[in-house]
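Residue numbers (my numbering): 1 to 245.
Here the structure comes first, spelled out in structure tokens, and everything after it is commentary.
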Amino acid sequence: MRILGVLPARYKSTRFEGKPLVSIAGVPMIKRTCQRAMLSDSLDEVVVATEDERIEQYCRSENIPVVMTSDSCLTGTDRIAEVAEMLDYDFYINIQGDEPVIDPVVVDQLVEQYKKHGDSYIAYNLYKIISDQKEIQSNTIVKVVVNALDELMYMSRLPVPFSNVKGVESVYRQQIPVYGFTKQALKVFAEQGCLGKTINEQFEDVELLRFVDLGYKLKMTETTADSIAVDVPDDIKKVERFLSQ
Numbered sequence: 001m002r003i004l005g006v007l008p009a010r011y012k013s014t015r016f017e018g019k020p021l022v023s024i025a026g027v028p029m030i031k032r033t034c035q036r037a038m039l040s041d042s043l044d045e046v047v048v049a050t051e052d053e054r055i056e057q058y059c060r061s062e063n064i065p066v067v068m069t070s071d072s073c074l075t076g077t078d079r080i081a082e083v084a085e086m087l088d089y090d091f092y093i094n095i096q097g098d099e100p101v102i103d104p105v106v107v108d109q110l111v112e113q114y115k116k117h118g119d120s121y122i123a124y125n126l127y128k129i130i131s132d133q134k135e136i137q138s139n140t141i142v143k144v145v146v147n148a149l150d151e152l153m154y155m156s157r158l159p160v161p162f163s164n165v166k167g168v169e170s171v172y173r174q175q176i177p178v179y180g181f182t183k184q185a186l187k188v189f190a191e192q193g194c195l196g197k198t199i200n201e202q203f204e205d206v207e208l209l210r211f212v213d214l215g216y217k218l219k220m221t222e223t224t225a226d227s228i229a230v231d232v233p234d235d236i237k238k239v240e241r242f243l244s245q
């Protein structure tokens, strides 16, 4: 089985333009994320997928494999679907380019689940249990609702599931932004993308909801690995504090 790790890197981010090339303790974020991804034992290769020549030029100057995609991709996964048309692998891992301290263990966990369940699920993802109220209330952190089989039911930026039982608190799960797909899954995703985002995907701005809206099953897996996403400029300070520990 051949497995490709893909880091979608978009320059014109709505909340943080130029984010992939921003310096974190002296090293551009996209390089840090690539270095972390390459520590995974499960990946045959890691590539950056971008629409921007500045990112492409930087990657080539650092000998980081890079693939140019169109600038019309609705999401990072749509970008990876384009990569899948150019590079033939059995399984594709979407590793968000704004995760500079991603634990490579989560990639290995995702691949392990795919090897266990195969094509029983359209896609694979991870979550971790959270209890910090700031994280629970944050709309930059995606919360996950699963069934008894750890299959995805819904994702939201709101605190879900809500507990209406007195004295009983909900269990809150944070999505880990590492996703796994087969080539066929990416084809399904991209075909819908040609028509636009699905309704809940658009409302929540969570791309995996496209599969949920289309009626597909996704396998979720709990992890204890931590991660810090860089969504806004202030997040850089969090990462630099983490790196200095």
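We treat Cβ as the ideally placed atom computed from N, Cα and C, and that holds for glycine.
Model, not experiment: these values are computed from the prediction.
Quick one: Cα of residue 123 to Cα of residue 185, how far? Start at 1 with the first residue of the sequence shown, and residue 123 comes out as number 123. Start at 1 with the first residue of the sequence shown, and residue 185 comes out as number 185. Spanning the two alpha carbons is a distance of roughly 7 Å.
What's the gap between the Cα of residue 243 and the Cα of residue 228? The residue labelled residue 243 in the question sits at position 243 within the sequence shown. The residue labelled residue 228 in the question sits at position 228 within the sequence shown. If you take the alpha carbons of residue 243 and residue 228, they lie about 11 Å apart.
At 3 residues or longer, what runs of the beta strand (DSSP E) sit wholly inside the stretch 140 to 167? 143 to 146 and 152 to 156
Which value, in whole angstroms, describes the spacing of the CA atoms of residue 113 and residue 233? Here residue 113 refers to the residue found at position 113 of the sequence shown. Here residue 233 refers to the residue found at position 233 of the sequence shown. When rounded, the distance between both Cα atoms is 34 Å.
May I have the straight-line CA-CA distance separating residue 247 from residue 226, to the nearest angstrom? Since the first residue of the chain shown is 1 and the last is 245, residue 247 is not available in this structure.
If you measure between the beta carbons of residue 7 and residue 30, is that distance less than 8 Å? Stepping through the sequence shown from its first residue, residue 7 is reached at position 7. Stepping through the sequence shown from its first residue, residue 30 is reached at position 30. For residue 7 and residue 30, yes; Cβs fall inside 8 Å.
Where do the ends of the alpha helix (DSSP H) carrying residue 116 lie? Taking the first residue of the sequence shown as position 1, residue 116 is located at position 116. Taken as a continuous stretch (DSSP letters only), the alpha helix (DSSP H) holding residue 116 covers 104 to 117.
Quick one: measure Cβ to Cβ for residue 148 and residue 102, integer angstroms, because I've assumed they're closer than 8 Å. Counting from 1 along the sequence shown, the entry for residue 148 is found at position 148. Counting from 1 along the sequence shown, the entry for residue 102 is found at position 102. 29 Å between Cβ atoms; not a contact.
If you compare alpha carbons, which of 144, 161 and 93 is closest to residue 180? Translated into the one-based positions of the sequence shown, residue 180 becomes position 180. When only C-alpha atoms are compared, the closest one is 93.
With 16 other CB atoms within 10 Å as the buried threshold, where does residue 42 fall? Residue 42 sits at position 42 when you count from the first residue of the sequence shown. With 16 or more other Cβ atoms within 10 Å, it is buried.
Where residue 263 falls, given that 16 or more other Cβ within 10 Å makes a residue buried: In this structure the chain extends from 1 to 245, so residue 263 is not present and cannot be described.
Name the residue from 183, 230, 172 and 158 whose alpha carbon lies nearest to the alpha carbon of residue 88. Locating residue 88 in the sequence shown gives position 88, counting from the first residue. When only C-alpha atoms are compared, the closest one is 183.
If you measure between the beta carbons of residue 171 and residue 129, is that distance less than 8 Å? Reading the sequence shown from its first residue, position 171 is the one you call residue 171. Reading the sequence shown from its first residue, position 129 is the one you call residue 129. Contact flag set, yes.
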